[in-house]
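**Q** After the C-alpha cells below, expect a handful of questions from me.
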Amino acid sequence: MTEQATAHKPFLYVVVCAAGIAADVSRLITAAQERDWEVGVIATPVAANGFFDTAAVAARSGRPIRSAWRTPGEPRPFPAPDAVAVAPATFNTVNKWAAGIADTLALGTLCEAAGLGVPIAVLPCVADALAAHPAYRGSVERLRGMGVRFGEPYTGEPEPDGGRPEFGWERALDLIERG
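Encoded structure:
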C-alpha cells in the first residue's frame with residue numbers, strides 16, 4: 132500500500148496595522164482563500180483593539196487572531212509562513228520594522244520573516260505628510276533592499292468627487308505571487 136502525499140496549501144500571514152482601512156481586511160483574506168491560500172492574521176495591538184472586527188475576521192480565516200506573544204509552553208498556532216502580506220502597513224510599523232525593532236508580535240514576525248527570506252508584500256497606508264518624512268523614505272528603501280515588495284501608497288484622502296479610492300487588497304497577493 133502506498134501513501135498519497137497530502138496536498139499542502141501555502142500559508143499566508145496577514146499582518147494588520149492600525150489604519151481605518153483595516154476594517155476591510157476580510158477582503159484580503161477572502162481573495163487569498165480564493166487563490167488557495169490558508170490564512171492566519173497577526174494584528175498590531177492597537178489594530179486588534181477596534182480597527183477591525185476580530186471575531187468576523189477570525190471566523191473568515193478559521194483561526195484566532197494573534198496579537199500577543201505565546202508563552203514558552205504553548206504550541207505554535209500557525210504553521211510557518213510561505214508568504215506575508217502587511218496590509219494596511221502604517222508609518223509606525225514600517226519605520227520600526229526597518230530599524231529592527233521587534234517589540235510586538237507583528238513586528239517580531241516581520242523581522243523574522245525578512246531574515247528567513249519569506250516573500251513579503253506591503254500595502255502602505257500612510258498620509259502624504261508622513262510619507263514625505265525622511266525616516267519613512269529611508270525605511271522603505273531599506274526594506275526594499277531586503278527584498279520586501281511594496282504596493283502603491285494609499286493615503287485614504289478623498290478624491291475630488293468626495294469618494295475614496297479603492298485600497299487594492301489583492302495587490303498584496305499579486306506582489307507575492309509574481310515570484
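Heads up: the sequence shown begins at 132 in my numbering, then just goes up one per residue. Using N, Cα and C, we set each Cβ at its ideal position, and we do this for glycine too.
Residue range of the beta strand (DSSP E) that PRO255 falls in?
**A** Position 124 of the sequence shown, counted from the first residue, corresponds to residue 255. Start and end: 251-255.
**Q** Exposed or buried, which one is ASN180 when buried takes at least 16 other CB atoms within 10 Å?
**A** Indexing the sequence shown from 1 puts residue 180 at position 49. Exposed: under 16 other Cβ atoms inside 10 Å.
**Q** Cβ of ALA218 within 8 Å of Cβ of LEU241?
**A** In the sequence shown, residue 218 corresponds to position 87, counting from 1. In the sequence shown, residue 241 corresponds to position 110, counting from 1. No, the Cβ-Cβ distance between ALA218 and LEU241 is not below 8 Å.
**Q** For ALA163 and GLU301, I'd like the C-alpha separation in whole angstroms.
**A** As a working mapping, residue 163 is identified with position 32 in the sequence shown. As a working mapping, residue 301 is identified with position 170 in the sequence shown. Each residue's alpha carbon lies about 8 Å from the other.
**Q** Locate the beta strand (DSSP E) running through PRO265, then write down its first and last residues.
**A** By one-based count along the sequence shown, residue 265 stands at place 134. PRO265 -> not in any beta strand (DSSP E); alpha helix (DSSP H) instead, spanning 265-276.
**Q** Taking a contact to mean a Cβ-Cβ separation below 8 Å, would you say ALA258 touches GLY282 in this structure?
**A** Numbered from its first residue, the sequence shown carries residue 258 at position 127. Numbered from its first residue, the sequence shown carries residue 282 at position 151. No; because the gap between Cβ atoms is not below 8 Å, this pair is not in contact.
**Q** Pick from LEU247, GLY204, VAL177 and ASP213: whose alpha carbon is nearest that of ARG317?
**A** With the chain covering 132 to 310 only, the question about residue 317 has no answer from this structure.
**Q** Between GLY171 and ARG194, is the Cβ-Cβ spacing less than 8 Å?
**A** Sequence index remark: in the sequence shown, residue 171 carries index 40 (1-based). Sequence index remark: in the sequence shown, residue 194 carries index 63 (1-based). Yes.
**Q** Evaluate the contact criterion for the segment 288-295 versus the segment 237-252: three or more CB pairs, one atom per stretch, below 8 Å.
**A** no
**Q** Consult DSSP for GLU165 and reduce its assignment to one of helix, strand or coil.
**A** Numbered from 1 along the sequence shown, position 34 holds the residue referred to as residue 165. Note: GLU165 maps to helix in three-state DSSP.
**Q** Can you list, in chain order, the residues of its chain with a C-beta nearer than 6 Å to that of PHE182? Leave out the 5 residues immediately preceding and following it.
**A** The residue you call residue 182 lines up with position 51 of the sequence shown. The answer, listed in chain order, is ALA149 and ALA153.
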